[in-house]
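These notes concern the structure reproduced below.
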Amino acid sequence: MSSPAKPGISASLRRFVETLRHYHEIADVGEIARRYFPMNAFDGVLTALGIVTGAFFGGVTDPSSLVVVIASASLSLGVSGFYGSYLSEQAERTRALRELEETMLSRLDSTDVGSAARYAAVAIAAVAGFASAIGGLIMCIPFLLQPLLGVNGSFYGAWGIATLELVLLGVFLGHVSRGRLVVSSVKLVLAGGVAFGLSLLLNVAGL
Amino acid sequence: MSEVRRLVLDVLKPHQPTMLVLADKLGDLEGVHGVDITLIEIDNKVENIKITLEGDDVDFQDVAEVVQESGGSIHSIDKVSTGKHLIDEVETPQDAGASWLR
Chain G
3 MSSPAKPGIS ASLRRFVETL RHYHEIADVG EIARRYFPMN AFDGVLTALG IVTGAFFGGV
63 TDPSSLVVVI ASASLSLGVS GFYGSYLSEQ AERTRALREL EETMLSRLDS TDVGSAARYA
123 AVAIAAVAGF ASAIGGLIMC IPFLLQPLLG VNGSFYGAWG IATLELVLLG VFLGHVSRGR
183 LVVSSVKLVL AGGVAFGLSL LLNVAGL
Chain H
20 MSEVRRLVLD VLKPHQPTML VLADKLGDLE GVHGVDITLI EIDNKVENIK ITLEGDDVDF
80 QDVAEVVQES GGSIHSIDKV STGKHLIDEV ETPQDAGASW LR
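Here the protein sequences line up with chains G and H, keeping their order.
Add 2 to the 1-based position in the first sequence for the numbering used here, that's all there is to it.
Add 19 to the 1-based position in the second sequence for the numbering used here, that's all there is to it.
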């Protein structure tokens, strides 16, 4: 049997979720978040891939150093993704709200339209920040497992994860565009290959 | 004091939230039995709608609150019906003359 307080909490939680869903629809958050997510995740994965490849060819194999470098870069990208998206989205939303207010001849800040605009800026920034950080952070896992995987195994593992993330991003984009998932995935993996090749060239050039 | 049984409002609102959402919210109000929303005019950013509410006790303040929360603005109250029974407007000879002019 449930306690008397439980329905109250679940009811308010349900109402909160419904309100967010309502704001989500009003502000059309889904479409913009769908643009930010792959774009920022792609940045995150390629940045971490560059660090891993550079470290491999540069002879940096200490797992704790690699984890700190990759995690720091990923978190910085996450913060950058969050703030950059928040500030630009807030500016755009505020502008759109003011234009709407001019047409309506009334203030909209305290209405659902105003709340939805504020929610949209935070929600989109959260998606952008998360997408920027998560791709690189996941690539830390093989280096945390270096005692089990070995030095080369951890690097192969990180490259494998990067490839898998690029494939999944390709599937996501292919799903969004309703195009061919394989083609979309191959395009992204090729971009990863280009980043890898450039790091290799730097090593060959002796830099 | 007699209760409001039918209320017709002229409202200007942004495109979002949609008329569907607004009708849903108005329909949930206590004392409201039916809601009808008709699009009168649509512009680039806003739309002009006619809201008709019927019930056994339509509270104008509650209705205005829902409309304003949705970003809408009530331009005018176009019709109010109160009393024990709903009655329709009676056409008089003067109205007939006016309709002929129209």
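Ideal placement from N, C-alpha and C gives every residue a C-beta, glycine not left out.
Since we're looking at a predicted model, the values are computed, not measured.
What does I28(G) reach in chain H if we use C-beta pairs closer than 7 angstroms?
-> Mapped onto the first sequence, residue 28(G) falls at position 26. Within chain H, the residues near I28(G) are Q35, P36.
For chain H, is any of its Cβ atoms less than 8 angstroms away from the one on E101(G)?
-> For the purposes of this step, residue 101(G) is identified with residue 99 of the first sequence, where counting begins at 1. The C-beta of E101(G) comes closer than 8 angstroms to at least one C-beta of chain H.
Enumerate, from N- to C-terminal direction, the unbroken beta strand (DSSP E) stretches of 3 or more residues contained entirely within the segment 109 to 153 of chain G.
-> none
Going along the chain, which residues of its own chain have a beta-carbon closer than 8 angstroms to the beta-carbon of A98(G), five neighbours each way excluded?
-> Here residue 98(G) is taken as the residue at index 96 of the first sequence, counted from 1. Closer than 8 angstroms at Cβ, skipping near neighbours: A119.
To the nearest angstrom, report how far apart E49(H) and V19(G) are at their CA atoms.
-> Position 30 of the second sequence, counted from the first residue, corresponds to residue 49(H). Position 17 of the first sequence, counted from the first residue, corresponds to residue 19(G). About 23 angstroms.
From the DSSP output, in three-state form, read off K64(H) for me.
-> Numbered from 1 along the second sequence, position 45 holds the residue referred to as residue 64(H). K64(H) falls in the coil class under three-state DSSP.
What did DSSP end up calling I28(G) once you bin it into helix, strand or coil?
-> Sequence index remark: in the first sequence, residue 28(G) carries index 26 (1-based). Helix.
Is the segment 33 to 51 of chain G close to the segment 179 to 187 of chain G, with three or more CB pairs under 8 angstroms?
-> no
Which of the residues in the segment 73 to 90 of chain H, read from start to end, lie with their CB under 8 angstroms from any CB of chain G?
-> Q87, E88, S89, G90
Is any beta-carbon of chain H found at less than 8 angstroms from that of S14(G)?
-> One-based indexing of the first sequence puts residue 14(G) at position 12. For S14(G), the answer is no, since every Cβ of chain H falls outside 8 angstroms of its Cβ.
Extent of the continuous alpha helix (DSSP H) run through T96(G) = Translated into positions along the first sequence, residue 96(G) becomes position 94. Counting along the chain, the alpha helix (DSSP H) containing T96(G) begins and ends at 65 to 106.
At what residues does the beta strand (DSSP E) containing V206(G) begin and finish?
-> Here the question's residue 206(G) lines up with position 204 in the first sequence. Looking at the DSSP string, V206(G) is not in any beta strand (DSSP E); the run it does join, the alpha helix (DSSP H), is 183 to 206.
Is the Cβ of V15(H) closer than 8 angstroms to any Cβ of chain G?
-> This structure gives no information on residue 15(H), because the portion of chain H shown stretches from 20 to 121.
In chain G, which residues lie with their C-beta within 8 angstroms of the C-beta of S92(H)?
-> By one-based count along the second sequence, residue 92(H) stands at place 73. Result: M106, L107, S108.
Of the residues that make up the segment 31 to 47 of chain G, which ones have a beta carbon closer than 7 angstroms to any beta carbon in chain H?
-> none
Should M3(G) be labelled buried (16 or more other beta-carbon atoms within 10 Å of its own) or exposed?
-> For the purposes of this step, residue 3(G) is identified with residue 1 of the first sequence, where counting begins at 1. Reliability fails at M3(G), whose pLDDT of 42 lies under 50, so the model's placement of it is uncertain and the value that follows must be treated cautiously. Label assigned to M3(G): exposed.
Can you find at least 3 beta carbon pairs, one from the segment 68 to 80 of chain G and one from the segment 138 to 156 of chain G, that sit closer than 8 angstroms?
-> yes
So, is S5(G) buried or exposed, given that buried needs 16 or more other C-beta atoms within 10 angstroms?
-> Stepping through the first sequence from its first residue, residue 5(G) is reached at position 3. Because the pLDDT of S5(G) is 49, which lies under 50, any placement of that residue in the model is unreliable, and the question is left without a value.
Could you check the C-alpha separation between L175(G) and G80(G) for me, to the nearest Å?
-> The count along the first sequence starts at 1 and reaches residue 175(G) at position 173. The count along the first sequence starts at 1 and reaches residue 80(G) at position 78. Approximately 21 angstroms between the Cα atoms of the pair.
Cα-Cα separation between S92(H) and R37(G), rounded to whole angstroms | To locate residue 92(H), count along the second sequence from 1; it is residue 73. To locate residue 37(G), count along the first sequence from 1; it is residue 35. Distance between the alpha carbons of S92(H) and R37(G): 33 angstroms.
First and last residue of the uninterrupted beta strand (DSSP E) at V62(G) = Numbered from 1 along the first sequence, position 60 holds the residue referred to as residue 62(G). V62(G) -> no beta strand (DSSP E), and no H or E assigned at all.
Residues in the segment 169 to 199 of chain G with C-beta within 9 angstroms of chain H's C-beta atoms, listed in sequence order?
-> none
When D114(G), Y121(G), A193(G) are compared against S11(H), the one with the closest alpha-carbon | Because chain H in this structure spans residues 20 to 121, residue 11(H) falls outside the shown range and cannot be described.
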